[in-house]
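Participant: To start, I am sharing the structure in question, which I have written as structure tokens.
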Amino acid sequence: MYTAVGGARVEIRMWADPASVEDQAMRQLRNVANLPWVHGVAVMPDVHYGKGATVGSVIAMRDAVSPAAVGVDIGCGMSAVRTSLTAADLPEDLGKLRRRIESAVPVGFSLHKTPVNPAKVHGVGGWEQFWSAFGELHEGVQGLHSRAARQIGSLGGGNHFIEVCLEQGGADEGRVWLMLHSGSRNIGKELAERHMAVARKLPHNRDLPDPDLAVFVADTPEMTAYRRDLFWAQDYAARNRATMVALVKLAVSEVLPGTTFDDAISCHHNYVAEERYEGADLLVTRKGAIRAGSGDLGIIPGSMGTGSYIVRGLGNTASFESASHGAGRRMSRTKARKTFTAEDLAAQTAGVECRKDAGVVDEIPAAYKDIDSVLRAQTDLVEVVAHLKQVVCVKG
Numbered sequence: 019m020y021t022a023v024g025g026a027r028v029e030i031r032m033w034a035d036p037a038s039v040e041d042q043a044m045r046q047l048r049n050v051a052n053l054p055w056v057h058g059v060a061v062m063p064d065v066h067y068g069k070g071a072t073v074g075s076v077i078a079m080r081d082a083v084s085p086a087a088v089g090v091d092i093g094c095g096m097s098a099v100r101t102s103l104t105a106a107d108l109p110e111d112l113g114k115l116r117r118r119i120e121s122a123v124p125v126g127f128s129l130h131k132t133p134v135n136p137a138k139v140h141g142v143g144g145w146e147q148f149w150s151a152f153g154e155l156h157e158g159v160q161g162l163h164s165r166a167a168r169q170i171g172s173l174g175g176g177n178h179f180i181e182v183c184l185e186q187g188g189a190d191e192g193r194v195w196l197m198l199h200s201g202s203r204n205i206g207k208e209l210a211e212r213h214m215a216v217a218r219k220l221p222h223n224r225d226l227p228d229p230d231l232a233v234f235v236a237d238t239p240e241m242t243a244y245r246r247d248l249f250w251a252q253d254y255a256a257r258n259r260a261t262m263v264a265l266v267k268l269a270v271s272e273v274l275p276g277t278t279f280d281d282a283i284s285c286h287h288n289y290v291a292e293e294r295y296e297g298a299d300l301l302v303t304r305k306g307a308i309r310a311g312s313g314d315l316g317i318i319p320g321s322m323g324t325g326s327y328i329v330r331g332l333g334n335t336a337s338f339e340s341a342s343h344g345a346g347r348r349m350s351r352t353k354a355r356k357t358f359t360a361e362d363l364a365a366q367t368a369g370v371e372c373r374k375d376a377g378v379v380d381e382i383p384a385a386y387k388d389i390d391s392v393l394r395a396q397t398d399l400v401e402v403v404a405h406l407k408q409v410v411c412v413k414g
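Here it is in structure tokens:
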């Protein structure tokens, strides 16, 4: 159940202990809840401070949307696929499997030399129509078509990852899953930053407590342009993940011939959707939150050493049918790099085939909240379908 926090135009519904939330994040939440266009705010248990709007927040607005409440990685999200493999089928040397995945999917700032053939991405169509819409996007990104095309099917860096996981407990103990986390790559960032700059200059945003909360309002050219680019970028992110899923499946099949795969489970967690609640048509922004409508399958990952959960939504309208998107950071990347060493990372990722160097120390498990506590705080939002623990983790 949530805790109601007052003192703003609308109630802030929190599935986190208000006393445990950073002061910066609480100020952000109150600023959002005081915006004249806001219908409601729901706060997930993985909440933490973010640029403009708080990560782990769900903001429902009437006839308005704040691009900072979506974030710069438009459409960032997760995909997971259950395989026919079990733990006994995996090679003793998991490094070979990791290297094969890394050779199939560019990581960090890398990209494909040529665009991935869409024929490899089974079940995803409309590619010609999708790319033809690129010419209608913001004029500032028109020189990025080639880069955007070659980044489809690439991972990126930071907290993005590809994992091979084992199911924990139950009848499917030891079943192998594939999981990945990524978004709209550079093109989403470029579109987001350009629209944020436009929003800050609009007259109705001049007196906001935080200029990063600038909004577009309905029936304006600026809103029309943003929605066009936003929904295109969300589609790009989904296609990016679908392409990576296809490439990882091929990589696994090369190492372990005969492997079969279930249909992918996929969900955005930085996005906008048009939904109706409490008799109102709303633009619902989930920044670090997934949709958890009744029966919706979702993915809530932990850190690179602690495992993840497949969940099913319970359709709780108090949260605008939403749930957390992960464990959530408990310390900044800068603090993590100052606090921990590569040796600490190696100790905390023991048993996982992954990078263990200083370049990813900011992703150390101790920099994140406890994923099991996050799940316990939202038992009225989702139910657990499967608990997964990674044995291979690829990061940029």
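Numbering (this note's numbering), first residue to last: 19 to 414. Every residue, glycine too, gets a C-beta built ideally from N, C-alpha and C.
1. Distance, Cα to Cα, Thr357 vs Gly68?
2. Measure the C-alpha to C-alpha separation of Leu129 and Leu162 and round it to an integer number of angstroms.
3. Can you tell me which of Leu332, Ser321, Ser350 puts its alpha carbon nearest to the alpha carbon of Ser344?
4. Taking 8 angstroms as the threshold (C-beta atoms), are Gln408 and Val125 in contact?
5. Does the separation of the CB atoms of Val99 and Asp280 fall below 8 angstroms?
6. Identify which residue in Arg27, Ser340, Ala210, Gln186 has its Cα closest to the Cα of Ala86.
7. Would Leu268 be called buried (16 or more neighbouring beta carbons within 10 Å of its own) or exposed?
8. What does the Cβ neighbour count give for Thr261, buried or exposed, with the cut at 16 atoms within 10 Å?
9. Spell out a yes or no on whether the region 136–145 and the region 154–168 are touching, meaning 3 or more CB-CB pairs, one atom from each, closer than 8 angstroms.
10. Excluding the 5 residues preceding and the 5 following Ser342 in the sequence, name in chain order all residues of the same chain whose CB lies nearer than 7 angstroms to its CB.
11. Assuming Tyr386 and Arg348 make a contact with CB atoms under 8 angstroms, what is their CB distance in whole Å?
12. Specify whether the region 163–180 and the region 228–237 touch according to this definition: at least 3 beta carbon pairs, one from each stretch, less than 8 angstroms apart.
13. I need the straight-line Cα distance from Trp33 to Gly187, nearest angstrom please.
14. To the nearest angstrom, report how far apart Asp7 and Ile205 are at their CA atoms.
15. Contact check, Leu274 vs Leu103 under 8 angstroms by CB: the rounded distance?
16. What are the start and end residues of each continuous beta strand (DSSP E) run of 3 or more residues lying completely inside the region 258–314, in chain order?
17. Measure the Cβ-Cβ separation of Ile283 and Gly325 and say whether it is below 8 angstroms.
18. Of the residues Gly369, Asn135, Ser84, His57, which one's Cα is nearest the Cα of Leu220?
19. Could you name each continuous alpha helix (DSSP H) segment of 4 residues or more that falls completely within the region 82–125, going from the start of the chain to the end?
20. Take the Cβ of Lys413 as the centre, count every other Cβ of all protein chains shown within 10 Å, and call the residue buried at 16 or more, exposed below.
21. Run the CB neighbour count on Thr335, radius 10 Å, all protein chains shown included, and call it buried at 16 or more, exposed below.
22. Less than 8 angstroms between the CB atoms is what I'm expecting for Leu301 and Met96, so what's the real figure, rounded?
23. Is the separation between the beta-carbon of Gly367 and that of Gly331 shorter than 8 angstroms?
24. What is the rounded straight-line gap between the Cα of Asn52 and the Cα of Ile30?
25. Grab me the residues of Leu108's own chain with a C-beta within less than 8 angstroms of its C-beta, minus the 5 sequence neighbours each way, in chain order.
26. Which residues in the same chain as His47 place their Cβ atom closer than 7 angstroms to its Cβ, once the five residues preceding and following it in sequence are excluded?
27. Have a look at Leu399 and Arg168 and give me their C-alpha separation to the nearest angstrom.
28. With respect to the alpha helix (DSSP H) encompassing Val216, which residues constitute its N-terminal and C-terminal limits?
29. Note down, in chain order, each residue of its chain lying with its Cβ closer than 8 angstroms to the Cβ of Pro36, except the 5 sequence neighbours on either side.
Facilitator: So, to answer that:
1. Roughly 21 angstroms between the two C-alpha positions.
2. Their backbone Cα atoms lie some 13 angstroms apart in a straight line.
3. Inspection of the sequence shows that residue 344 is occupied by Gly rather than by Ser. Nearest C-alpha to Gly344: Ser321.
4. Cβ distance not < 8 angstroms, so Val125 and Gln408 don't count as in contact.
5. Yes, the Cβ-Cβ distance between Val99 and Asp280 is below 8 angstroms.
6. Checking every option, the nearest Cα to that of Ala86 belongs to Ala210.
7. If you draw a 10 Å sphere on the C-beta of Leu268, you find fewer than 16 other C-beta atoms in it, and that means exposed.
8. It counts as buried.
9. These segments do not touch.
10. Excluding residues within five positions, the ones whose Cβ falls inside 7 angstroms are Met62, Pro63, Asp64, Gly74, Ala307, Ile318, Val392, Gln396.
11. Approximately 6 angstroms separates the beta-carbon atoms of Tyr386 and Arg348; this is inside 8 angstroms, confirming the contact.
12. No, they do not touch.
13. Approximately 27 angstroms between the Cα atoms of the pair.
14. In the structure as shown, the chain begins at 19 and stops at 414. Residue 7 is therefore absent and cannot be evaluated.
15. Right, the Cβ-Cβ distance comes to about 6 angstroms (below 8 angstroms), so this counts as a contact.
16. The region 258–314 contains these whole beta strand (DSSP E) runs: 283–286, 288–295, 298–305, 307–309.
17. No, Cβ-Cβ distance for Ile283 and Gly325 is not below 8 angstroms.
18. Nearest to Leu220 by alpha-carbon distance, out of Gly369, Asn135, Ser84, His57, is Ser84.
19. Entirely contained in the region 82–125, the alpha helix (DSSP H) runs reaching 4 residues are, in chain order, 112–122.
20. Result: buried.
21. Thr335 should be labelled exposed.
22. Their Cβ separation, rounded to whole angstroms, is 22 angstroms, which puts Leu301 and Met96 out of contact at 8 angstroms.
23. A small correction: the amino acid at residue 367 is Thr; Gly does not occupy that position in the sequence shown. Against a cut-off of 8 angstroms, the Cβ pair of Gly331 and Thr367 comes out as no contact.
24. The straight-line gap from Cα to Cα measures roughly 10 angstroms.
25. Excluding five sequence positions before and after Leu108, the CB atoms of its chain that fall closer than 8 angstroms to its own CB belong to Leu115, Val182, Val194, Leu274, Val409, given in chain order.
26. Position check: residue 47 holds Leu in this sequence, whereas His was assumed. Contacts found: Ile30, Val59, Val61, Thr72, Ser75.
27. Taking the straight line from one Cα to the other gives about 38 angstroms.
28. Looking at the DSSP string, the run of the alpha helix (DSSP H) that includes Val216 is 203–218.
29. Residues of the same chain with a CB within less than 8 angstroms of the CB of Pro36, apart from the 5 flanking positions on each side, are Thr21, Val23, Met44 in chain order.
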